[in-house]
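Enquirer: So in this note's numbering, the last one in the sequence shown is 221, and the numbering has no gaps at all. My structure is below; once you've seen it, I'll send some questions.
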Amino acid sequence: MSTEQRYVPATGRLPFLRAYDSAIALTMRESAWRSQLVTWVLADVAEGPVVDVGAGTGTLAISLAGPRVASVIGVDGDERVLDLARLKPDADLVDWRVGLATDLPVDAATADVVVMSLLLHHLHPEDKLAALREAARVLRPGGALYVADWGPAHDALMRFAFAGLQLLDGRATTRDHVAGLVPGLIETAGFQTPQRSLRLRTVWGSFEVLRSVRS
């Protein structure tokens, strides 16, 4: 498995990793979008697995696991983060795997849904496209991709807020989001034109959920 993907790990920006979930809940208006994302994903599940790429501390992957899903695979490149995920209630419902978004440890054309939540803005531009192509590889034809991440600013206030995040995560990995280039990358990777399912304001800027289908 390749280890060449360049990214900004969440742990590199959050010295106290155990506070990550609380930080996301407080600053990202998580209650306003997480449950809705789960509902949308479950509606796209037939019988194949759901793959959560960049699963992090596992909150989303565990929320997706249950009787309606044959299996949930949670993939992250940081073993330390997955160690925390495995400690959570119901973590045994998820198949946790260490791997990079650009080289997923998942068989081709097997997944019903791939989710990338707050992942792409950690990747450099060429790795964003490589990760999206990997998502297309593991999805069955007609499978759905959900990208929940930063988008173009609603207004000047949201652009100012996002500038603060760019100081933390770097402009190289976030500029495609500011410029609204992510939907184009999704299409280039082999998906239909993405549809925006949700858009909201947060402490750090404008957040959106995009849905697309593998061509």
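All residues carry an ideal CB built from backbone N, CA and C; glycine is no exception.
Could you tell me which residues DSSP pairs with alanine 192 in its beta bridges?
Expert: Checking the displayed sequence, the identity of residue 192 turns out to be isoleucine instead of alanine. According to DSSP, which records beta bridges pairwise, isoleucine 192 is partnered with nothing at all.
Enquirer: For alanine 3 and arginine 207, what's the separation of their Cα atoms in angstroms?
Expert: This structure gives no information on residue 3, because the portion of the chain shown stretches from 7 to 221.
Enquirer: I need the DSSP call for leucine 204, collapsed to helix, strand or coil.
Expert: strand
Enquirer: Judging by CA-CA distance, which residue of Asp182, Ala115, Ala162 and Gly62 is the nearest neighbour of leucine 124?
Expert: Gly62
Enquirer: Which of the three DSSP states, helix, strand or coil, is assigned to glycine 211?
Expert: strand
Enquirer: Count the other CB atoms within 10 Å of the CB of glutamine 172; is the residue buried (16 or more) or exposed (fewer)?
Expert: Burial call: buried.
Enquirer: Measuring straight from C-alpha to C-alpha, what distance separates arginine 111 and threonine 199?
Expert: In the sequence under discussion, the amino acid at residue 111 is proline, which differs from the arginine named in the question. Taking the straight line joining both Cα atoms gives about 26 Å.
Enquirer: Just the Cα atoms here: how many angstroms apart are arginine 177 and histidine 128?
Expert: Those two C-alpha atoms are separated by around 10 Å.
Enquirer: Tell me where the beta strand (DSSP E) around leucine 151 begins and ends.
Expert: 145 to 156
Enquirer: Take leucine 66 and list the residues in its own chain whose beta-carbon comes closer than 6 Å to its own, dropping the five residues that flank it on each side.
Expert: Once the five neighbours on either side are set aside, the close Cβ partners of leucine 66 are Asp58 and Ser123.
Enquirer: Taking only the alpha-carbon atoms, compute the straight-line gap between proline 73 and threonine 194 and give it to the nearest angstrom.
Expert: 34 Å
Enquirer: Tell me where the beta strand (DSSP E) around valine 112 begins and ends.
Expert: Premise fails: valine 112 is in no beta strand (DSSP E) and is neither H nor E.
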